[in-house]
Amino acid sequence: MLDKIDEFAIGEVNETYERYVLNRRDQEEGESFESFQAAIRNPVTTCNNCTNCVESILRDRIVLGIRDAKTQQSLLKERGLTLARTIDICKAAENATSQCKIFILGLVSKVSTSSRSSKPKHQFADKECKFCGRKHPFKKEECPAWGKVCQQWW
């Protein structure tokens, strides 16, 4: 009875089209693994697959469609890969990537603030010195007349 209601409300399902949608679906740029997984779960259920095949079809679609090449390589190395293990590996890889980004941003922030504080507080520009009359950085150590007695006036 429920099948008849679904058929009436939804209409007849085009199995070929649903499989086309499923098999063409890859993880998009910036899409989380959770969103990708949810997007491919629906077509799997409407493709009229046998119930025993659904998990292996989902697993294969994840392996083929995952965007991160390193994660895909890890999945392909696994022997006896199950859907649950596939999901675990993908989630762990996504979490590790986001944690690395946060860590790197923190390091960059620390480096940029420490490089700002290491600069000298005052820039000593060349100015005309009132002691020797020359132009040099305005520091007493740079002045050739500093600490000496003027011979012209004595």
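Taking this note's numbering, the leading residue of the sequence shown gets 638, the next gets one more, and so forth.
Glycine included, C-beta positions come from ideal geometry on N, C-alpha and C.
Nearest C-alpha to residue 677 among 658, 685, 666 and 669: 658. In the assembly as shown, residue 698 is a buried residue. Its beta-carbon has 16 or more other beta-carbons within 10 Å. Secondary structure of residue 765 (DSSP, three-state): strand. Annotation for residue 774: the continuous beta strand (DSSP E) segment containing it runs 772-774.
Note on residue 741: under 16 other CB atoms within 10 angstroms of its CB, so exposed under the neighbour-count rule. By the Cβ test, the segment 672-690 is in contact with the segment 649-658, since at least three Cβ pairs between them sit closer than 8 Å.
Between residue 723 and residue 704, the C-beta spacing is not below 9 Å. The three-state secondary structure of residue 679, taken from DSSP, is helix. Excluding its 5 nearest sequence neighbours in each direction, residue 660 has C-beta neighbours in its own chain below 8 Å: 698, listed in chain order.
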